[in-house]
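> Here you go, one structure.
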DNA sequence: CCCCGTTGAGTTACCCGTAACATTTCGTTA
DNA sequence: TAACGAAATGTTACGGGTAACTCAACGGGG
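Protein chains in written order, with the working numbering: chain L, 159 to 503; chain H, 159 to 503.
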């Protein structure tokens with residue numbers, strides 16, 4: 159049934175050309191539609207294309223030299239975190255409208271995984287790379303600089319990016335949340351998050367948060383769930399541990415909404431009423447937050463928009479349009495109703 | 159700063175070879191480590207590789223002929239649905255352990271998008287394809303058959319797949335849920351879901367569900383939110399519409415958990431107590447279900463495992479290991495506490 | 001009827017690595 | 001030390017498409 163043509167039994171342009179009785183150059187011209195052939199020839203060639211089911215081999219085109227590939231390498235820490243799957247969705251949808259494809263890499267939040275992936279994906283001659291995070295291994299940074307292709311670093315806004323950067327200022331967003339909670343009258347504040355071996359955006363948020371809280375006369379008790387994902391269960395158990403070791407905590411800030419949900423669940427299980435007995439604040443404003451009867455106090459970031467912006471910057475750069483090297487997506491505090499109402503302080 | 163070597167200013171193997179004073183064939187042998195060179199030569203070549211920052215061009219290797227690429231095209235309807243992002247995570251992680259990469263395609267649940275994507279991705283000579291769903295356009299099916307590469311259709315178990323299939327039997331899972339709800343004593347049952355222009359797994363579930371309910375003496379009132387995503391808000395408003403048009407509904411089955419959350423929220427907002435006043439059942443058993451104080455009645459499917467299984471089947475096929483053409487991942491009903499307790503019927 | 005410009009189509013070379021084959025350089029053994 | 005086999009290295013050709021160039025056919029103006 160399959161036509162065994164050449165060794166990989168795929169129909170090649172030469173075969174189409176031969177069948178149509180023209181040279182492969184002519185066939186190539188017809189397929190690219192750039193003119194230089196007669197209507198009669200076009201019909202002959204296209205007839206054979208349909209007949210043989212010819213599919214162009216983009217590998218050959220890109221390999222041949224000048225043409226850019228339509229691959230964009232996209233590295234994402236993990237998809238278990240809804241935040242990143244939204245970012246990826248934004249990226250891939252937008253790239254798709256430009257006829258480009260994402261080559262995915264899940265780095266599991268480690269620089270080594272990212273480095274390995276970069277090495278592999280660069281060997282495929284991608285048109286550009288979109289990377290999550292501003293931190294890269296030295297080797298990775300070297301490869302990136304030498305690659306000579308557009309690079310967008312997303313998530314963690316970077317005023318001196320390798321090439322381009324889009325995201326938010328995590329320090330500021332943490333700071334704002336800290337200031338808000340202090341403004342609500344909280345002083346003994348806990349933090350529950352996960353800990354990775356490398357610096358990341360969550361750490362930066364915590365730094366900003368602590369600065370605001372401490373600057374406002376409060377103090378932050380940290381509880382980091384080591385080597386765990388920033389999801390519901392670690393949020394639950396992290397809360398349990400935190401409250402066991404520091405009973406006078408008035409309010410807890412979580413690395414993200416998922417962990418905050420876990421915290422809410424713990425409080426509910428232990429009969430702690432939120433926000434009467436304890437305040438709960440998350441980060442990221444997941445759509446799921448709407449599931450709760452109480453609106454979760456959180457920080458809203460438009461993840462989809464962030465992904466789209468990254469793809470747009472990439473495409474603009476690839477078309478040699480002027481692109482600002484930095485784009486701030488911004489964030490917005492969601493007061494919610496899981497912390498006590500602010501009183502004049 | 160950049161070394162302008164050839165037109166795409168990338169370091170090529172010839173340059174490494176020349177710098178090392180050997181032929182490019184020798185350099186190639188060293189890089190592939192398949193023997194046939196002296197230790198002295200190896201050192202010379204590797205020194206230049208490091209020096210020049212050479213990265214192999216996999217395009218050339220694959221293009222050159224026999225070698226398979228390490229691309230696996232993966233089509234996913236959308237990532238807004240947590241279910242699919244988990245599947246994708248399972249796929250990509252597992253592929254990664256085999257040194258393969260996912261080339262993503264978001265088809266937005268339309269066969270046309272899928273067809274367009276298939277055409278594009280095939281032109282990149284992928285080693286295989288993983289597609290969500292068993293329905294494809296005629297043209298797409300043609301291309302897939304002619305591609306001569308392994309294809310795994312996931313999600314909707316297909317007893318006569320194009321090549322391989324892994325997933326669950328959605329009809330049965332809908333049927334089981336229907337039987338369960340009837341067993342709980344419900345007769346007037348509503349369904350809230352979305353409607354797409356093409357047949358899909360959710361439709362199949364609904365078919366199975368209706369069969370069980372009607373077979374058990376009940377009836378199903380459908381409420382389809384047209385042209386919307388299967389998420390929280392359509393669940394909320396779908397519930398409102400359903401209850402407005404059919405006030406005697408005792409229990410509602412939703413297309414998925416996200417929509418069921420929306421339904422729960424609606425009930426809570428309107429003062430309907432679950433399950434006393436109305437029963438709520440979802441599908442998919444999202445991790446987020448744990449956020450609720452009441453366990454949502456749902457159907458558990460291991461999405462991560464499904465993705466991993468798909469990747470494993472793909473890799474096994476690529477290594478010419480024997481692979482069953484069909485693999486059932488199974489599902490498990492989660493009784494939960496959002497439907498009334500079953501009584502002997 | 002010739003010259004020349006335009007259009008259509010063919011030829012050649014190249015991209016970068018690798019398979020297949022050819023050749024050189026060794027170390028050994030008779 | 002000549003001869004030989006193995007190891008190390010080199011040479012050639014190729015894959016699928018395209019840029020750049022060449023060539024042929026055709027038609028209109030002088």
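Think of the CB as a built atom: it goes at the ideal place given N, C-alpha and C, for glycine as much as any other residue.
Report yes if the CB atom of residue 447 of chain L is closer than 8 Å to the CB atom of residue 411 of chain L, and no otherwise.
no
> Work out the CA separation of residue 445 of chain L and residue 420 of chain H for me, nearest whole Å.
Linking residue 420 of chain H to residue 445 of chain L through their CA atoms gives a straight-line distance of about 11 Å.
> Any beta carbon from chain L within less than 8 Å of residue 238 of chain H's own beta carbon?
yes
> With H, G and I counted as helix, E and B as strand and the rest as coil, what does DSSP make of residue 244 of chain H?
helix
> Using the C-alpha atoms, what's the distance from residue 251 of chain L back to residue 234 of chain H?
Linking residue 234 of chain H to residue 251 of chain L through their CA atoms gives a straight-line distance of about 12 Å.
> Is residue 491 of chain L helix, strand or coil when you go by DSSP?
strand
> Within a Cβ cutoff of 6 Å, which residues of the same chain sit near residue 305 of chain L, ignoring the five residues on either side of it in sequence?
280
> Just checking, does the region 403-418 of chain L make contact with the region 385-401 of chain H on the three C-beta pairs under 8 Å criterion?
no
> Quick one: what does DSSP say residue 383 of chain H is sitting in, helix, strand or coil?
strand
> Quick check: what's the CA-CA separation for residue 452 of chain H versus residue 423 of chain L?
11 Å
> Give the straight-line distance between the Cα atoms of residue 210 of chain H and residue 167 of chain H, rounded to the nearest whole angstrom.
12 Å
> Counting contacts by CB-CB distance shorter than 8 Å, is residue 306 of chain L in contact with chain H?
yes
> Between residue 264 of chain L and chain H, is there a C-beta pair that is closer than 8 Å?
yes
> State the DSSP-derived secondary structure class of residue 401 of chain H, mapped to helix, strand or coil.
helix
> Beta-carbon within less than 7 Å of residue 430 of chain H's beta-carbon, same chain only, minus the 5 sequence neighbours each way: which residues are those?
So the list reads 436, once near-sequence residues are dropped.
> Per the DSSP calculation, residue 229 of chain L is bridged to which residue(s)?
L:259
> Does DSSP put residue 324 of chain L in a helix, in a strand, or in coil?
strand
> In the DSSP assignment, find the beta strand (DSSP E) that holds residue 351 of chain L and state where it starts and stops.
346-353
> Just to make sure I have the definition right: I need the residues of chain H whose C-beta is within less than 9 Å of the C-beta of residue 259 of chain L. Which are they?
Taking a Cβ-Cβ cut-off of 9 Å, the neighbours of residue 259 of chain L in chain H comprise 231, 261, 262, 263, 275, 278, 279 and 282, given in sequence order.
> Taking buried to mean at least 16 other C-beta atoms within 10 Å of its own C-beta, is residue 164 of chain H buried or exposed?
Residue confidence is low: residue 164 of chain H scores 45 on pLDDT, short of 50, so the model does not pin down where it sits. Its coordinate-derived value is still stated next. It is exposed - the Cβ of residue 164 of chain H has fewer than 16 other Cβ atoms within 10 Å.
> For residue 299 of chain L, which of helix, strand or coil comes out of DSSP?
helix
> Determine the closest residue to residue 265 of chain H out of H:255, H:170, H:298 and H:342, with distance taken between C-alpha atoms.
H:298
> Taking Cβ-Cβ distances shorter than 8 Å, what residues in chain H pair up with residue 247 of chain L?
236, 237, 238 and 264
> Pull up the distance between the alpha-carbon of residue 505 of chain L and that of residue 339 of chain H, whole angstroms please.
Since the first residue of chain L shown is 159 and the last is 503, residue 505 of chain L is not available in this structure.
> Give every residue of the same chain whose Cβ lies closer than 7 Å to the Cβ of residue 181 of chain H, excluding the five residues on either side of it in the sequence, and list them in chain order.
175
> Could you tell me the alpha carbon to alpha carbon distance between residue 345 of chain L and residue 371 of chain L, rounded to whole angstroms?
Cα to Cα, residue 345 of chain L sits roughly 8 Å from residue 371 of chain L.
> I'd like the span of the beta strand (DSSP E) that includes residue 311 of chain L, first residue to last.
309-314
> Let me make sure I understand the geometry here. Which of L:443, L:478, L:469 and L:481 has the alpha-carbon closest to that of residue 492 of chain L?
L:443
> Whose C-beta lies closer than 6 Å to the C-beta of residue 231 of chain L among residues of the same chain, with five residues either side of it excluded?
261, 279, 284 and 287
> Taking 8 Å as the CB-CB cut-off, is residue 220 of chain H touching chain L?
yes
> If the criterion is Cβ atoms closer than 8 Å, does the pair residue 202 of chain H and residue 178 of chain H meet it?
yes
> Which residues in chain H sit within 7 Å of residue 217 of chain L, going by Cβ to Cβ distance?
Neighbours of residue 217 of chain L on chain H, chain order: 217, 220, 221, 282 and 283.
> Residue 495 of chain H CB to nearest chain L CB: under 8 Å?
Not one chain L Cβ lies under 8 Å of residue 495 of chain H.
> Pick from H:311, H:343, H:428 and H:170: whose alpha carbon is nearest that of residue 249 of chain H?
Per the Cα distances, H:311.
> Since residue 383 of chain H and residue 352 of chain H should fall inside the 8 Å C-beta cutoff, what is the C-beta to C-beta distance between them, to a whole number of angstroms?
5 Å
> Do you know whose CA, among L:325, L:247, L:327 and L:276, lies nearest residue 303 of chain L's CA?
L:276
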